[in-house]
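**Student:**
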Amino acid sequence: MADSLVIVESPAKAKTIGKYLGSKYIVKASMGHVRDLPKSQMGVEFDNNFEPKYITIRGKGDILKELKDARKKVKKVYLAADPDREGEAIAWHLAHYLDLDDTEECRVVFNEITKQAVKDAFKTPRPINKDLVNAQQARRILDRLVGYKISPLLWKKVKKGLSAGRVQSVAVKLINDREDEIKAFIPEEYWSITVQLKSGSNTFEAKFYGTGGQKQELHTEAEVQAILQGLEGADFIVSEVKEKERSRNPSAPFITSTMQQEAARKLNFRASKTMSVAQQLYEGIDLGKEGIVGLITYMRTDSTRISPVAQEEAKGFIVEKYGEAYYPETPRQYIKKAANAQDAHEGIRPSSVLRTPEEVKGFLSRDQYRLYKLIWERFVASQMSSAVMDTMTVDILAGASMFRAVGSKVKFPGFMKVYVESSDEEAPAGDEEKFLPPLAKDNVLKREAVEPKQHFTQPPPRYSEARLVRALEEMGIGRPSTYAPILETIQKRGYVALEEKRFIPTEIGELVNELMEEFFPEILDVGFTAQMEEELDHVEEGREDWVKVLNGFYKSFEKRLEVAEEEMKEIEIQDEVSDELCEKCGRHLVYKMGRFGKFLACSGFPDCRNTKPIIKGTGVVCPSCNTGNIVERRSKKGRVFFGCDRYPDCDFVSWDRPVGRNCPECGQMLITKTNRSGTVIQCSKCDYKEEPEEEAADFED
7 MADSLVIVES PAKAKTIGKY LGSKYIVKAS MGHVRDLPKS QMGVEFDNNF EPKYITIRGK
67 GDILKELKDA RKKVKKVYLA ADPDREGEAI AWHLAHYLDL DDTEECRVVF NEITKQAVKD
127 AFKTPRPINK DLVNAQQARR ILDRLVGYKI SPLLWKKVKK GLSAGRVQSV AVKLINDRED
187 EIKAFIPEEY WSITVQLKSG SNTFEAKFYG TGGQKQELHT EAEVQAILQG LEGADFIVSE
247 VKEKERSRNP SAPFITSTMQ QEAARKLNFR ASKTMSVAQQ LYEGIDLGKE GIVGLITYMR
307 TDSTRISPVA QEEAKGFIVE KYGEAYYPET PRQYIKKAAN AQDAHEGIRP SSVLRTPEEV
367 KGFLSRDQYR LYKLIWERFV ASQMSSAVMD TMTVDILAGA SMFRAVGSKV KFPGFMKVYV
427 ESSDEEAPAG DEEKFLPPLA KDNVLKREAV EPKQHFTQPP PRYSEARLVR ALEEMGIGRP
487 STYAPILETI QKRGYVALEE KRFIPTEIGE LVNELMEEFF PEILDVGFTA QMEEELDHVE
547 EGREDWVKVL NGFYKSFEKR LEVAEEEMKE IEIQDEVSDE LCEKCGRHLV YKMGRFGKFL
607 ACSGFPDCRN TKPIIKGTGV VCPSCNTGNI VERRSKKGRV FFGCDRYPDC DFVSWDRPVG
667 RNCPECGQML ITKTNRSGTV IQCSKCDYKE EPEEEAADFE D
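Our numbering numbers the first residue of the sequence shown as 7 and each following residue consecutively.
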């Protein structure tokens, strides 16, 4: 008969842990939080030190009864929720409901769900950490204050259904500010001159650097023409060759934000999907004979620290698999990612490096395999030797003009043999090798071609999910557990929309942002929000009282509310009327803003609830029926696809935008495909590819 009850959050986690602990333990799942603030009211007593009024979450009655019944049958209860603020709060609420003494050693935490880690954790239970609980309570109450005080004001003054959030509002402001930058951007003209040169049988490129040994920017066609005239009849002579060796170090193991960013770049995962799949890998996968095993360590972390045990295992694997040259002289240590990193956990890594992606592939879904492979490769590479690159810089004189060619090649791949981090700029992963032929001073080169090109500087790019997560992290806004919910919330509220995987503010998002900036500037102030995050961290560390933190915020917030109640004017939002008539009742359709952008709805709502999407044409004739036109549509989940406007008579669909031409090799449809290397035109059937015409240079960063 079991003598202990263990409570975790999810059935998957319960199944994995139950296998390790054996028959003396009953393992149950609480299915997340069991108590929370009520939805129908504020639920916070301002005059009583912000005392929260918790209630049982609707639908949790049967689960709690089951836990209480199990509690009566055992001598000891262990609370094994996740090792973070949220998990500590879940454990505290469970202790309250089950009448446990939270000062007793009832809390069990582990960074990875493996047999050894779980058994070790149960040898050293501890009391519930009230500092962690208070930090979670303070965040919850702060968010409740902002949401439940400002949202009714927006309902009253602007439109029903609007809401405001503390950290989410800052994210919306960043997106709005970026849109303002783009609108205000004035393109500047610049030029480049590229020459194709030949040395023996080898051809390579060099770019104009300057004149008289000084770097020179080319801004006008007249400047370019002057350079070109100077090249007429000139010999291209090598003036200097610099060769040097350069080391390149691996990236640190993943933390939550970098995992979300890299999964977006390399796997095209949304932040929420990354966290969902990572949760599955953490909680446990059935590996057949080996049973259920948690494949990665805890995925909500801002620490890059790695345990000595994991480092030692990685060392053995790397030396055996790749050779001693691929392991550094001393194990790599990664300091905290940022000053505000809590270092409570390790970085995200495989629970055992010996479980290679290929060995477990058969037990994983496609998404699980791809994310596990990314985490595994990143960790292994982080423990390996530096790569060594041979670089070559060649200066070439042609009259008064200097051209420069830069080449590199990998002398020793080191960590690059396993993994290379990609970038937000969608460049190819890693340094693409660019070889130069053997060159020496005074070599005379043959000019093959000279190509002047006009460019225009580009505005800063809109935020993708990866860019926004990086911006929030760099500014100290949010924490590992909040990035994905922030991105989800601002889209659900209709304040931003995703177009071509980039955030754009909606009209209502711009309006709410303007009102928030006018009446609640502190809420939108990046520095203020980052400071609040630091104060919550101090509460977690026991350095600051949570009630004091809330008091400090509420005093000025209350005054702002009073001013807004008095001075915020009521705004009537008029729907823009379209020329189209409702096919059901004959009234005009109006433009509405939804989660995935604008759509058309009947002006007779609620009497008539007819809606229809706004059709965007592509100018391409349907390749299937040859009579319809290809239009842009959205799936139920908001993903853009392309289909025939004669649907359902023609069922042609494509996730990729058709170009309107057929492949010159096989005659099938050409499509536009965007990947890390940029945009290419390729055949939908065969391997044919072509580069699109260059529009302009991107001067981001």
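C-beta: ideal position from N, C-alpha, C; glycine also.
Keep in mind it's a predicted model, so treat the numbers as computed, not measured.
Which word fits residue 193, buried or exposed, when buried means at least 16 other C-beta atoms lie within 10 angstroms of its C-beta?
**Tutor:** Exposed, by the Cβ-count rule.
**Student:** Take the Cβ of residue 339 as the centre, count every other Cβ of all protein chains shown within 10 Å, and call the residue buried at 16 or more, exposed below.
**Tutor:** Exposed, since its Cβ has fewer than 16 Cβ neighbours within 10 Å.
**Student:** Within 10 angstroms of its Cβ, does residue 228 collect 16 or more other Cβ (buried), or is it exposed?
**Tutor:** So residue 228 ends up on the exposed side.
**Student:** Let me know the secondary structure DSSP gives residue 249 once reduced to three states.
**Tutor:** Three-state DSSP puts residue 249 in a strand.
**Student:** Excluding the 5 residues preceding and the 5 following residue 80 in the sequence, name in chain order all residues of the same chain whose CB lies nearer than 7 Å to its CB.
**Tutor:** The residues are 8, 9, 10, 11, 32.
**Student:** Could you name the residues of the same chain whose beta carbon sits closer than 7 Å to that of residue 207, not counting the 5 residues immediately before and after it, in chain order?
**Tutor:** Cβ neighbours of residue 207 beyond the five flanking positions: none.
**Student:** What is the rounded straight-line gap between the Cα of residue 351 and the Cα of residue 35?
**Tutor:** Taking the straight line from one Cα to the other gives about 23 Å.
**Student:** Is residue 249 near residue 511, with beta carbons less than 7 Å apart?
**Tutor:** The answer is no: Cβ separation not under 7 Å.
**Student:** Helix, strand or coil for residue 515? Go by DSSP, reduced to three states.
**Tutor:** Helix.
**Student:** Looking at residue 200: is its Cβ nearer than 7 Å to the Cβ of residue 213?
**Tutor:** The answer is yes: Cβ separation under 7 Å.
**Student:** Could you spell out the range, first to last residue, of the beta strand (DSSP E) harbouring residue 197?
**Tutor:** Residue 197 -> beta strand (DSSP E) spans 195–205.
**Student:** Once you ignore the five residues that flank residue 370 on each side, which residues in its own chain have a CB closer than 7 Å to its CB?
**Tutor:** Once the five neighbours on either side are set aside, the close Cβ partners of residue 370 are 291, 378.
**Student:** DSSP state of residue 173, grouped into three classes?
**Tutor:** In this structure, residue 173 counts as helix in the three-state DSSP scheme.
**Student:** Would residue 566 pass as a contact of residue 526 if the rule is Cβ separation under 7 Å?
**Tutor:** Cβ distance < 7 Å, so residue 566 and residue 526 count as in contact.
**Student:** Is there contact here, the region 55–68 with the region 112–128, by at least three beta-carbon pairs under 8 Å?
**Tutor:** Too few Cβ pairs lie closer than 8 Å, so no.
**Student:** Taking just the CA atoms, how far does residue 495 sit from residue 145?
**Tutor:** If I take the Cα positions, the gap works out to 16 Å.
**Student:** Please classify residue 483 as buried or exposed, where buried requires at least 16 neighbouring CB atoms within 10 angstroms.
**Tutor:** Result: buried.
**Student:** Could you tell me whether the Cβ atoms of residue 710 and residue 141 are closer together than 7 Å?
**Tutor:** Here the chain comprises residues numbered 7 to 707, so residue 710 is not present and cannot be evaluated.
**Student:** Quick one, are the C-beta atoms of residue 486 and residue 308 less than 7 Å apart?
**Tutor:** Contact flag set, yes.
**Student:** Among residues of its own chain, excluding the 5 on either side of residue 49, which ones have a beta-carbon nearer than 8 Å to its beta-carbon?
**Tutor:** Here the set comprises 43, 58, 59, 60, 61, 150.
**Student:** Note down the Cα distance separating residue 704 from residue 195, rounded to an integer number of angstroms.
**Tutor:** With a pLDDT of 32 at residue 704, under the threshold of 50, the modelled position of this residue cannot be trusted, and the question is left open.
**Student:** Report the three-state DSSP secondary structure of residue 219 (helix, strand or coil).
**Tutor:** In the structure shown, residue 219 sits in coil (DSSP, three-state: anything other than H, G, I, E or B).
**Student:** Return yes when the Cβ of residue 191 is within less than 7 Å of the Cβ of residue 465, no when it is not.
**Tutor:** Their beta carbons are under 7 Å apart, which means residue 465 touches residue 191 by this criterion.
**Student:** Could you give the DSSP three-state label for residue 326: helix, strand or coil?
**Tutor:** Here residue 326 sits in helix by DSSP.
**Student:** Could you check which residue in 423, 270, 167, 258 has the C-alpha nearest to that of residue 353?
**Tutor:** Out of 423, 270, 167, 258, 258 has the C-alpha closest to the C-alpha of residue 353.
**Student:** Taking all protein chains shown into account, do 16 or more other C-beta atoms lie within 10 angstroms of the C-beta of residue 628, making it buried, or fewer, making it exposed?
**Tutor:** Its Cβ being crowded by 16 or more others within 10 Å, residue 628 is buried.
**Student:** What three-state label does DSSP hand residue 640 in the structure shown?
**Tutor:** Strand at residue 640.
**Student:** Using the three-state DSSP reduction, which class does residue 22 fall into: helix, strand or coil?
**Tutor:** Helix.
**Student:** What are the uninterrupted segments assigned as alpha helix (DSSP H) that are 4 or more residues long and contained completely in the region 98–129, given in chain order?
**Tutor:** With a minimum length of 4 residues, the continuous alpha helix (DSSP H) runs that stay inside the region 98–129 are 121–129.
**Student:** Starting from the C-beta of residue 21, find all residues in its chain whose C-beta is less than 7 Å away, skip the five residues before and the five after it, and write them out in chain order.
**Tutor:** Correct list, in chain order: 290, 298.
**Student:** Would DSSP call residue 291 helix, strand or coil?
**Tutor:** Looking at residue 291 - three-state DSSP - the assignment turns out to be strand.
**Student:** Is residue 459 buried or exposed, if buried means 16 or more other CB atoms sit within 10 Å of its CB?
**Tutor:** Exposed, since its Cβ has fewer than 16 Cβ neighbours within 10 Å.
**Student:** Let me know the secondary structure DSSP gives residue 3 once reduced to three states.
**Tutor:** As shown, the chain starts at 7 and ends at 707. That puts residue 3 outside it, with no answer to give.
**Student:** On the three-pair Cβ rule with 8 Å, is the region 386–398 touching the region 272–279?
**Tutor:** Touching, no.
**Student:** Quick one: complete beta strand (DSSP E) runs, 3+ long, within the region 422–491?
**Tutor:** Here the runs fully enclosed are 450–462.
**Student:** May I have the straight-line CA-CA distance separating residue 288 from residue 355, to the nearest angstrom?
**Tutor:** Answer to the nearest angstrom: the Cα atoms are 10 Å apart.
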